[in-house]
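Beneath this line is the structure, given in structure tokens, with notes to follow.
Chains as they are written, first to last, in my numbering: chain A, 2 to 221; chain D, 12 to 331.
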């Protein structure tokens with residue numbers, strides 16, 4: 002079941018209660034985009050999506066489209082699996098030893114547990130390209146830092162609670178930094194600007210420090 | 012091609028940004044819409060000049076700016092009550108009114124004093140400024156590094172281009188004024204229409220009553236991202252829930268029990284519980300209030316607020 006609530010003059014919040022309905026939210030977003038006119042944006046999160054329209058939007062049509070989607074909920078579109086290269090070297094991982102200590106694991110165990118996981122893009126937001134990845138191994142679960150750091154460098158590989166992420170640009174941040182990726186998760190000059198979409202699967206592929214430094218060089 | 016002249020920023024004041032209707036359609040990748048904090052005054056400034064509705068204008072916060080115009084043009088300044096005068100006329104320094112179109116001669120410098128009422132003045136120019144858009148908008152977004160000058164606020168010696176109008180074109184444009192009844196009084200107490208939504212029912216009846224019955228003060232920590240309120244904090248705020256999309260005007264209550272109203276530069280998703288959203292016309296009015304001014308909430312329906320918004324959109328012909 003999806004519940005539909007109007008939240009302001011042009012936006013409708015669609016909430017889901019059951020796990021399969023939550024998992025289908027990225028598909029529902031695509032379905033609504035294809036089915037409806039006068040929708041300017043759809044923001045998908047863990048158990049809700051916000052459908053933003055304009056004054057021409059027929060709100061009733063959103064409800065009807067959601068009902069249509071529920072009927073054919075079993076049909077799935079396949080999402081891609083995306084590899085993100087990361088380097089866990091201590092030079093790039095200011096918090097990894099503290100994380101290991103807090104979790105009573107070795108640094109190598111933290112790295113192994115982190116890169117074994119298959120992650121899923123749960124939502125994108127907070128800042129351009131910030132991608133929340135669910136599927137972190139429960140053994141790596143730690144609360145956010147009590148005091149956020151004022152500047153986390155772009156590319157930082159981070160964990161907090163049951164999620165992992167790569168910072169798309171320099172920003173303040175409260176997550177634990179356990180490495181760095183040489184790829185950009187938001188670039189206004191590229192099409193698409195974000196390589197990932199909600200629902201995609203992600204694997205982290207380890208780079209050595211040397212590989213990290215030469216990443217993107219065509220000379221190797 | 013039409014020839015262009017430049018406007019030079021001699022003094023920017025505390026914050027000067029370029030704004031158009033905002034960056035629409037990129038919230039799903041985390042890009043905030045930005046745009047004018049007050050679309051009422053922004054739209055009036057363009058309307059007085061018969062500009063297309065998405066013409067870029069300047070948003071000048073707290074006033075205090077000085078601008079030099081290379082060539083003759085027509086401008087309009089709406090929003091905050093900022094004292095205006097031309098340097099060239101200092102001998103018979105005649106104040107110029109806001110909320111009307113203003114003829115500018117070539118080489119004149121416009122002085123804008125500190126705002127007496129309202130926070131943000133919008134300066135539009137006939138034909139708009141000539142700028143390259145980024146993600147379909149020219150709005151400055153310092154945090155996202157999007158917009159002209161890589162998104163940063165304008166500073167001294169920055170130049171913006173505008174197209175030169177012929178003497179004949181300028182002579183044929185009469186001065187227009189905003190009718191008095193459309194000019195808001197930014198000094199009066201503001202009542203914000205709250206459309207209940209999101210986690211409204213997770214708050215206890217007592218908590219909701221406390222929020223709806225008190226007068227809040229606007230905190231000096233407010234900005235284009237969010238307006239923070241000071242007052243009696245509500246206790247035992249419901250637990251933070253899973254993060255979700257934040258709609259314009261959302262009223263979130265963080266654990267300290269004091270509301271934050273999320274504005275045009277808001278983050279696109281967040282996890283604090285929300286009471287619902289305030290009407291966007293009231294949000295624009297709120298964005299003109301100075302710190303320490305008082306506001307309160309009243310409950311309204313989405314139908315009623317949607318009607319108000321449609322009337323606004325029709326009035327300014329914002330609908331394509």
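We put the CB at the ideal spot given by N, CA and C, even for glycine.
Roughly how many whole angstroms lie between the Cα atoms of residue i and residue j?
i	j	result
residue 232(D)	residue 239(D)	7 angstroms
residue 183(A)	residue 164(D)	30 angstroms
residue 27(D)	residue 131(D)	9 angstroms
residue 221(A)	residue 209(A)	At residue 221(A) the pLDDT is 45, less than 50, meaning the model places this residue with poor confidence; the figure from the coordinates comes in the next sentence. The straight-line gap from Cα to Cα measures roughly 14 angstroms.
residue 30(D)	residue 207(A)	43 angstroms
residue 111(A)	residue 91(A)	12 angstroms
residue 342(D)	residue 61(D)	With chain D represented from 12 up to 331, any question about residue 342(D) goes unanswered, as that position is not in the structure.
residue 147(D)	residue 193(A)	14 angstroms
residue 99(A)	residue 108(A)	9 angstroms
residue 121(D)	residue 328(D)	30 angstroms
residue 200(D)	residue 180(D)	43 angstroms
residue 70(A)	residue 32(A)	7 angstroms
residue 174(D)	residue 127(A)	38 angstroms
residue 86(A)	residue 133(A)	16 angstroms
residue 8(D)	residue 55(D)	The requested residue 8(D) does not occur in the structure, where chain D is confined to residues 12 to 331.
residue 102(A)	residue 89(A)	16 angstroms
residue 19(A)	residue 2(A)	7 angstroms
residue 64(D)	residue 47(A)	36 angstroms
residue 36(D)	residue 196(A)	17 angstroms
residue 217(A)	residue 156(A)	14 angstroms
residue 184(D)	residue 32(D)	24 angstroms
residue 146(A)	residue 94(A)	15 angstroms
residue 160(A)	residue 257(D)	23 angstroms
residue 215(D)	residue 247(D)	10 angstroms
residue 57(A)	residue 5(A)	19 angstroms
residue 14(D)	residue 84(A)	50 angstroms
residue 37(A)	residue 63(A)	7 angstroms
residue 50(D)	residue 116(A)	48 angstroms
Determine the burial state of residue i: buried for a count of at least 16 other Cβ atoms within 10 Å of its Cβ, exposed for fewer.
i	result
residue 314(D)	exposed
residue 108(D)	exposed
residue 129(D)	buried
residue 49(A)	buried
residue 61(A)	exposed
residue 65(A)	exposed
residue 34(D)	buried
residue 9(A)	buried
residue 15(A)	buried
residue 105(A)	exposed
residue 266(D)	exposed
residue 149(A)	exposed
Within the same chain, show all residues whose beta-carbon is closer than 6 angstroms to that of residue i, passing over the 5 residues directly before and after it, in chain order.
i	result
residue 80(D)	18, 115, 119
residue 270(D)	240, 262, 264
residue 59(D)	87, 112, 187
residue 66(D)	57, 139
residue 218(D)	245
residue 117(D)	82, 83
residue 168(D)	none
Which whole-angstrom value describes the C-beta separation of residue i and residue j, a residue pair presumed to lie in contact below a C-beta threshold of 8 angstroms?
i	j	result
residue 229(D)	residue 299(D)	About 11 angstroms; that fails the 8 angstroms criterion.
residue 309(D)	residue 171(D)	That belief does not hold up - the Cβ atoms of residue 309(D) and residue 171(D) are roughly 41 angstroms apart, past 8 angstroms.
residue 51(A)	residue 40(A)	Contact doesn't hold; Cβ gap of about 11 angstroms is too wide.
residue 125(D)	residue 75(D)	5 angstroms
residue 136(A)	residue 119(A)	6 angstroms
residue 245(D)	residue 221(D)	6 angstroms
residue 155(D)	residue 43(D)	7 angstroms
residue 127(D)	residue 92(D)	5 angstroms
residue 226(D)	residue 311(D)	Not a contact, Cβ separation roughly 18 angstroms.
residue 45(A)	residue 25(A)	About 11 angstroms separates the two Cβ atoms, so there is no contact after all.
residue 203(A)	residue 122(A)	7 angstroms
Who are the Cβ neighbours of residue i in its own chain at under 7 angstroms, not counting the five residues just before and after it?
i	result
residue 236(D)	274, 276, 277
residue 213(D)	249, 284
residue 255(D)	280
residue 319(D)	290, 292
residue 53(D)	30, 47, 68, 133
residue 302(D)	229, 230, 231, 233
Can you list, in chain order, the residues of its chain with a C-beta nearer than 8 angstroms to that of residue i? Leave out the 5 residues immediately preceding and following it.
i	result
residue 142(A)	162, 163
residue 210(D)	249, 252, 284, 285, 286
residue 105(D)	96
Relative to the ligand NAP, is the shortest distance from any of its heavy atoms to the C-beta of residue i smaller than 7 angstroms?
i	result
residue 294(D)	By its list of ligands, the structure shown contains no ligand whatsoever, and the ligand NAP lies outside what it can speak to.
Can you find at least 3 beta carbon pairs, one from the stretch 279-298 of chain D and one from the stretch 197-216 of chain D, that sit closer than 8 angstroms?
yes
Pairs of beta-carbons, one from the stretch 179-194 of chain A and one from the stretch 77-92 of chain D, closer than 8 angstroms: are there three or more?
no
Contact the stretch 175-182 of chain A vs the stretch 155-169 of chain D: 3+ CB pairs below 8 angstroms:
no
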